[in-house]
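Terminal number for the sequence shown in the numbering used here: 321, no gaps in between.
Don't be surprised by glycine CBs; every beta carbon is placed ideally from N, CA and C.
Bear in mind that the values here come from a model prediction, so they are computed numbers and not experimental data.
Reviewing the structure listed below.
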Amino acid sequence: MGRGFKPRREHFKDLLSLHTGERRGFLVLCAILLLLSCIAAYLKFWYRPPPADLASLHAEMEAWVAIRNSQAMADTVPQGELFPFDPNTIEREAWMRLGLSSRQVDGIDRYKAKGGRFRVKKDLGRMYSIRPEQYDRMAPFILLPDSFPRRSHPARVPKQWETDRTRSNVPAPAGPAIEPKARVELNSADTTALIGLRGIGPAFARGIVKYRTMLGGYTSLEQLSEVYILRDKPDAVERIKAMIDLDPSMIDRIPINTCTVEALAAHPYARWHLAKPLVAYRQQHGPFKTLEEIKGCRVITDSIYLRLVPYLSLE
Numbered sequence: 007m008g009r010g011f012k013p014r015r016e017h018f019k020d021l022l023s024l025h026t027g028e029r030r031g032f033l034v035l036c037a038i039l040l041l042l043s044c045i046a047a048y049l050k051f052w053y054r055p056p057p058a059d060l061a062s063l064h065a066e067m068e069a070w071v072a073i074r075n076s077q078a079m080a081d082t083v084p085q086g087e088l089f090p091f092d093p094n095t096i097e098r099e100a101w102m103r104l105g106l107s108s109r110q111v112d113g114i115d116r117y118k119a120k121g122g123r124f125r126v127k128k129d130l131g132r133m134y135s136i137r138p139e140q141y142d143r144m145a146p147f148i149l150l151p152d153s154f155p156r157r158s159h160p161a162r163v164p165k166q167w168e169t170d171r172t173r174s175n176v177p178a179p180a181g182p183a184i185e186p187k188a189r190v191e192l193n194s195a196d197t198t199a200l201i202g203l204r205g206i207g208p209a210f211a212r213g214i215v216k217y218r219t220m221l222g223g224y225t226s227l228e229q230l231s232e233v234y235i236l237r238d239k240p241d242a243v244e245r246i247k248a249m250i251d252l253d254p255s256m257i258d259r260i261p262i263n264t265c266t267v268e269a270l271a272a273h274p275y276a277r278w279h280l281a282k283p284l285v286a287y288r289q290q291h292g293p294f295k296t297l298e299e300i301k302g303c304r305v306i307t308d309s310i311y312l313r314l315v316p317y318l319s320l321e
């Protein structure tokens, strides 16, 4: 038994023993590790940088933050001078003076080259190349009306019974005086006129006018239910419909044969998923001869056609 275990013990002893060169290398490695541990402990617990170094570091950090903030302000605040201008006649250099970039002016030039025109101030704000803060800054200087002028209606002709009563000088039957309800025309009323109606506050008025601008005008009173703030308020929509008139001829139509994808996509009934294939279809097959020809584009269903066609023209 003893003879059997001796070679095995000697084998393990040979594995665990180190030669002279190996022992020296091991001791050097341990010394290096100990030295590094001491340096790390010293830097962590005893070393403190001089106050001057800390002050300069804080100063550099504050300077860097100030530079970043100034760059951010320069990116967000539009630059350029302000002066009265008509966006339909203004030259490229004048656009640049207003603070627009060359790329933005290129977008406006393409829109005008395709036959697009600015009829009211907010038409410029509907351009995808114009940022909202840029439009808000330029709006007071745009030489265009805020909205389409209200069309005059023919004078009311008195009915026959009213004429007969006047001629016979017969007094009207006595009764309580009834104050007539004020009514406004939806496609020409501004927010002030709408707020004057009972039950319409500033939020409703702004929402109605904003959606009218996006559409180019209302063609039906039923479209009031599409206004974002009125979507879940059917009772309010019915009350408003009872107090307003509508002239559907006062709408701004999009020239389908010359408009750009951006101009068509700005309309709530078109957007990009319809505007891009429809303009591509026009470019492939040529100008439309009738509005019904847009139904040849596969994305234009019958329901989409009925909603969109009142806002299109062949001009």
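Please go through the same chain and pick out, in chain order, the residues whose beta-carbon is closer than 8 angstroms to the beta-carbon of residue i, but skip the five residues on each side of it.
i, result
"LYS127", "ALA145, ILE148, LEU150, PRO151 and ASP152"
"ASN193", "PHE154, ARG218, GLY223, TYR224, LEU252, ASP253, PRO254, MET256 and ILE257"
"PHE51", "none"
"GLY207", "ILE201"
Near residue i, what residues of its chain come up, given a Cβ to Cβ distance below 6 angstroms and the 5 sequence neighbours on each side ignored?
i, result
"VAL285", "VAL267"
"GLU232", "none"
"LEU203", "MET249"
"LEU280", "VAL305"
Report the rounded CA-to-CA distance for residue i versus residue j, giving the unit in angstroms.
i, j, result
"ARG98", "VAL111", "7 angstroms"
"ALA306", "TYR275", "The sequence given here places Ile at residue 306; Ala does not occur at that position. Roughly 11 angstroms separates the two Cα atoms."
"TYR311", "GLN229", "16 angstroms"
"PHE124", "GLY113", "14 angstroms"
"PHE32", "CYS44", "19 angstroms"
"GLU139", "LEU106", "12 angstroms"
"ARG189", "GLU244", "14 angstroms"
"THR197", "VAL215", "7 angstroms"
"LEU42", "VAL34", "13 angstroms"
"GLY8", "TYR48", "Confidence is the limiting factor: at GLY8 the pLDDT is only 49, short of 50, which leaves the residue's position unreliable, though a coordinate-based value still follows. Cα-Cα distance, rounded: 55 angstroms."
"ASP308", "ILE96", "40 angstroms"
"ASP129", "ASN263", "19 angstroms"
"ILE235", "SER108", "37 angstroms"
"ARG259", "ILE300", "15 angstroms"
Starting from the Cα of residue i, find the closest Cα among the options and give me that residue.
i, options, result
"GLN289", "GLU298, CYS265 and ILE306", "CYS265"
"PHE294", "GLN229, LEU318, ARG125 and LEU203", "LEU318"
"ILE250", "LYS216, ASP238, PRO261 and GLY205", "GLY205"
"GLY302", "ARG237, TYR287 and ARG313", "TYR287"
"ILE136", "ALA269, GLU299 and TRP278", "ALA269"
"LYS282", "GLU28, ARG304 and LEU297", "ARG304"
"ALA3", "HIS279, PRO261 and THR296", "Residue 3 falls outside the range modelled here, since the chain spans only 7 to 321, and no answer is possible."
"LEU297", "SER309, HIS25, GLU28 and PRO316", "PRO316"
"LEU320", "GLU28, TRP101 and GLY292", "GLY292"
"ARG277", "CYS36, ILE300, LEU314 and ARG259", "LEU314"
Can you tell me whether DSSP reads residue i as helix, strand or coil?
i, result
"VAL190", "strand"
"PRO146", "helix"
"ILE310", "helix"
"ILE96", "coil"
"LEU318", "strand"
"PRO2", "Since the displayed the chain opens at 7 and closes at 321, residue 2 lies outside it and no answer follows."
"PHE294", "coil"
"PRO138", "helix"
"ILE214", "helix"
"ASP196", "coil"
"PRO283", "helix"
"PRO151", "coil"
"PHE32", "helix"
"ILE38", "helix"
"PHE51", "helix"
"PRO261", "strand"
"ILE250", "strand"
Would you say the beta carbon of residue i comes nearer than 7 angstroms to a heavy atom of the ligand GTP?
i, result
"ALA209", "The ligand GTP is absent from the structure shown, which contains no ligand whatsoever."
What does the Cβ neighbour count give for residue i, buried or exposed, with the cut at 16 atoms within 10 Å?
i, result
"ALA211", "buried"
"LEU200", "buried"
"TYR117", "buried"
"ALA272", "buried"
"PHE11", "Residue placement at PHE11 is poorly supported in this model, since its pLDDT is 49, which falls under 50; the coordinates still yield a value, given next. With fewer than 16 other Cβ atoms within 10 Å, it is exposed."
"ALA209", "exposed"
"GLY131", "buried"
"SER76", "Legend: pLDDT at SER76 = 49, less than 50; position of this residue unreliable, no value from coordinates given."
"PRO93", "buried"
"ASP142", "exposed"
"LEU221", "buried"
"ASP241", "exposed"
"ASP238", "exposed"
"GLY121", "exposed"
"GLY213", "buried"
"ILE38", "exposed"
"ALA195", "buried"
"LEU40", "exposed"
Considering only residues of the same chain and omitting the five flanking positions on each side of residue i, which have a CB-CB separation below 7 angstroms?
i, result
"LYS247", "LEU227 and LEU230"
"ARG103", "GLY86 and GLU87"
"PHE89", "PHE147"
"ALA100", "PHE91"
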